[in-house]
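K.L.:
Residue numbers (full-length UniProt numbering): 1 to 455. Even glycine gets a Cβ: it sits at the ideal position worked out from N, Cα and C. Values in this document were obtained by computation on a predicted structure and should not be read as measured data. Shown below is the structure under consideration.
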């Protein structure tokens, strides 16, 4: 007979303690310990739990046959790209994001588009009538999509056994609970055990599972960190709800790259794939406006052009303000220090605001040259000539460092009609760059780049 006991579990990392602690000694979070009731099984005789370990024997690595991954085409180019070419059978994918960002819409839309694939959609947050209304708004019909509203782990496993689906979608993992545990749904132990049980079912039956996960106020996925460890892929669905564009990023992917990016546009009839990201990252009317520079960045395998906006003004208060939206504020401070030390522009008593157009977060260091150009353009109130774009990483000594995949960047700028492109001099490869219908200007230092841009 099982005995019950009370333990305190950290809701951030899953560490447990026999008593309440103000600060978790493992992850350092404050006030994260919650009380849970767990059941402990009677201890088995020594060696009893090892009886099932003889089913497999160790093999040399050269004796193991390499299996081929069978992927399911999700009829969504952006989602397929982020997953690495499609959904691998038997894998588990976790999608996290803020409330109302469009996670449920994305997965329901994906499920309804898969004709001929038997899908089980488990919803613990909405009723069947609500899901039917959303499906009607999307305007897609699929007779192979089964909807069930249940929060019991045992019932979900029974439905999977009875229907034998080819894809399972659970919205969300924090609403699923097991009758074997005393704690409430969404607790650390419930999320951990339910995810492990669903993963076991997925691997045994070779069924791919897509989970929706809540996030906490810090922006990370709620529940124990072990949830992100046991799944095969972790995707982050992000974007400002005041903008109509959404970005799907890959944080962890055992079957593909983690640098891929998918972009969607939120509409009344669902999410539209954005095949050309430059259409949303470039505004159409910035001619004659200072503080605007166009950067050629790469996310994953795609190159696109990003509009960088800056505003420099005299500090009204004693301490100058430094604010960056969509760009690392610490890197912006470093670039401001380079401008002041190496180029001689005095910005210590100026407010500097930086914004990446479209509500996207840019991580490519090749945007450095565009950032400092936009800051200088706003500071001098001189507009950058239309038709000029740039790419290059700025070093602490003021040099323009080379970037990767320069030919792909030049090709993208040329296709969008730009006339001149500023690139690092070390990226020049002679005759290869002459095939593009765009003037390529190599520069070595920040001062040289400014002379080419502003004359």
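Using CA coordinates, which residue listed in 251, 226, 187 and 263 is at the minimum distance from residue 244?
P.N.:
In the chain shown, counting from the first residue as 1, residue 244 sits at position 244. Taking residue 244 as reference, the option from 251, 226, 187 and 263 with the minimal CA-CA separation is 263.
K.L.:
For residue 338, does the three-state DSSP call read helix, strand or coil?
P.N.:
Position 338 of the chain shown holds residue 338. Note: residue 338 maps to helix in three-state DSSP.
K.L.:
If we count Cβ pairs, one from each stretch, closer than 8 Å, do we get three or more for the region 346–355 versus the region 302–321?
P.N.:
Flag = yes, the region 346–355 and the region 302–321 touch.
K.L.:
If we call anything under 8 Å between Cβ atoms a contact, is residue 324 one with residue 354?
P.N.:
Stepping through the chain shown from its first residue, residue 324 is reached at position 324. Stepping through the chain shown from its first residue, residue 354 is reached at position 354. Yes.
K.L.:
Are the beta-carbon atoms of residue 82 and residue 181 separated by less than 8 Å?
P.N.:
If you number the chain shown from 1, residue 82 lands on position 82. If you number the chain shown from 1, residue 181 lands on position 181. No.
K.L.:
Given 8 Å as the limit, is there contact between the region 165–172 and the region 201–218, that is, 3 or more CB pairs closer than that?
P.N.:
yes
K.L.:
Determine whether the beta carbon atoms of residue 109 and residue 271 lie at a separation below 8 Å.
P.N.:
Looking up residue 109 in the chain shown gives position 109. Looking up residue 271 in the chain shown gives position 271. Result yes, Cβ atoms of residue 109 and residue 271 sit closer than 8 Å.
K.L.:
With three or more beta-carbon pairs closer than 8 Å as the criterion, would you say the region 253–260 touches the region 326–335?
P.N.:
The answer is no - the region 326–335 does not touch the region 253–260, with fewer than three Cβ pairs under 8 Å.
K.L.:
Can you give me the C-alpha to C-alpha distance between residue 266 and residue 137, rounded to a whole angstrom?
P.N.:
Counted from its first residue, the chain shown places residue 266 at position 266. Counted from its first residue, the chain shown places residue 137 at position 137. Rounded to the nearest angstrom, the two C-alpha atoms are 13 Å apart.
K.L.:
Kindly identify the DSSP beta-bridge partner or partners of residue 424.
P.N.:
Locating residue 424 in the chain shown gives position 424, where the first residue counts as 1. Answer is 443, bridged to residue 424.
K.L.:
What number of angstroms, rounded off, separates the C-alpha of residue 16 from the C-alpha of residue 10?
P.N.:
Taking the first residue of the chain shown as 1, we reach residue 16 at position 16. Taking the first residue of the chain shown as 1, we reach residue 10 at position 10. Residue 16 and residue 10: Cα-Cα distance of roughly 6 Å.
K.L.:
Which value, in whole angstroms, describes the spacing of the CA atoms of residue 7 and residue 103?
P.N.:
Stepping through the chain shown from its first residue, residue 7 is reached at position 7. Stepping through the chain shown from its first residue, residue 103 is reached at position 103. Cα-Cα distance, rounded: 33 Å.
K.L.:
Can you give me the Cβ contacts of residue 135 inside the same chain, cut-off strictly under 7 Å, excluding the 5 residues immediately before and after it?
P.N.:
The residue given as residue 135 occupies position 135 in the chain shown. Within its own chain, the residues whose Cβ lies closer than 7 Å to the Cβ of residue 135, once the five positions on either side in sequence are excluded, are 108 and 112, listed in chain order.
K.L.:
On the CB-based measure, 16 or more other CB atoms within 10 Å of its CB, does residue 303 come out buried or exposed?
P.N.:
Numbered from 1 along the chain shown, position 303 holds the residue referred to as residue 303. Classification for residue 303: buried.
K.L.:
Going by Cα to Cα distance, which pick from 421, 345 and 378 is closest to residue 447?
P.N.:
Residue numbering aside, residue 447 sits at position 447 when the chain shown is read from its first letter. Of 421, 345 and 378, the residue nearest in Cα terms is 345.
K.L.:
Name the two residues that bound the continuous beta strand (DSSP E) containing residue 274.
P.N.:
One-based indexing of the chain shown puts residue 274 at position 274. Here residue 274 belongs to no beta strand (DSSP E), and DSSP marks it neither H nor E.
K.L.:
Provide the residue span of the beta strand (DSSP E) that contains residue 246, from first to last.
P.N.:
Position 246 of the chain shown holds residue 246. Start and end: 245–253.
K.L.:
In chain order, which continuous runs of the beta strand (DSSP E) of length 3 or greater are located wholly inside the UniProt domain "RecA family profile 1" (68–215)?
P.N.:
92–97, 119–123, 145–149, 167–171 and 209–213
K.L.:
Could you name the residues that DSSP lists as bridge partners for residue 30?
P.N.:
For the purposes of this step, residue 30 is taken as the residue at position 30 of the chain shown. According to DSSP, residue 30 bridges with 23.
K.L.:
Give the secondary structure of residue 234 by DSSP, where H, G and I count as helix, E and B as strand, and everything else as coil.
P.N.:
Your numbering for residue 234 matches position 234 in the chain shown. Residue 234 falls in the strand class under three-state DSSP.
K.L.:
Would residue 229 be called buried (16 or more neighbouring beta carbons within 10 Å of its own) or exposed?
P.N.:
Within the chain shown, residue 229 is the residue found at index 229, counting from 1. Answer is exposed; the Cβ neighbour count stays below 16.
K.L.:
Report the rounded CA-to-CA distance for residue 87 versus residue 68, giving the unit in angstroms.
P.N.:
Taking the first residue of the chain shown as 1, we reach residue 87 at position 87. Taking the first residue of the chain shown as 1, we reach residue 68 at position 68. Distance between the alpha carbons of residue 87 and residue 68: 13 Å.
K.L.:
Tell me which residue opens and which closes the alpha helix (DSSP H) that residue 376 is part of.
P.N.:
Translated into the one-based positions of the chain shown, residue 376 becomes position 376. It spans 368–380 - the alpha helix (DSSP H) in which residue 376 sits, taken as one unbroken run.
K.L.:
Determine, for residue 309, whether the minimum Cβ-Cβ distance to residues of chain B falls below 8 Å.
P.N.:
Checking the listed chains, one finds no chain B in this structure; it contains a single protein chain.
K.L.:
Run through the DSSP bridge pairs and tell me what residue 390 is partnered with.
P.N.:
The sequence position of residue 390 within the chain shown is 390, counting from 1. According to DSSP, residue 390 bridges with 295 and 422.
K.L.:
With respect to the alpha helix (DSSP H) encompassing residue 413, which residues constitute its N-terminal and C-terminal limits?
P.N.:
As a position in the chain shown, residue 413 is number 413, starting the count at 1. Counting along the chain, the alpha helix (DSSP H) containing residue 413 begins and ends at 406–415.
K.L.:
Measuring only the C-alpha atoms, how far is residue 422 from residue 31?
P.N.:
By 1-based counting over the chain shown, the position of residue 422 is 422. By 1-based counting over the chain shown, the position of residue 31 is 31. The straight-line gap from Cα to Cα measures roughly 51 Å.
K.L.:
Under a three-way DSSP split, which group does residue 43 fall into?
P.N.:
The sequence position of residue 43 within the chain shown is 43, counting from 1. For residue 43, the predicted structure reports a pLDDT of 40, less than 50, and the residue's modelled location is therefore unreliable. The matter cannot be settled from this model.
K.L.:
Please classify residue 317 as buried or exposed, where buried requires at least 16 other C-beta atoms within 10 Å of its C-beta.
P.N.:
As a position in the chain shown, residue 317 is number 317, starting the count at 1. Residue 317 is exposed by the Cβ-count criterion.
K.L.:
If distances are taken between C-alpha atoms only, which option among 269, 133 and 418 comes closest to residue 438?
P.N.:
As a position in the chain shown, residue 438 is number 438, starting the count at 1. Of 269, 133 and 418, the residue nearest in Cα terms is 418.
K.L.:
Find the nearest neighbour of residue 400 within the set 342, 131 and 436, judged by alpha-carbon distance.
P.N.:
As a first step, residue 400 must be located in the chain shown, where it is residue number 400. It is 342.
K.L.:
Return the bridge partner residues of residue 303 from the DSSP annotation.
P.N.:
Numbered from 1 along the chain shown, position 303 holds the residue referred to as residue 303. Residue 303 pairs with 298.
K.L.:
How far does the beta strand (DSSP E) with residue 317 in it reach, from first residue to last?
P.N.:
Counted from its first residue, the chain shown places residue 317 at position 317. Segment: none, residue 317 is in no beta strand (DSSP E) and carries neither H nor E.
K.L.:
Assuming residue 371 contacts residue 416 (C-beta within less than 8 Å), just tell me the rounded distance between them.
P.N.:
One-based indexing of the chain shown puts residue 371 at position 371. One-based indexing of the chain shown puts residue 416 at position 416. Actually they are not in contact, since the Cβ atoms of residue 371 and residue 416 sit about 20 Å apart, beyond 8 Å.
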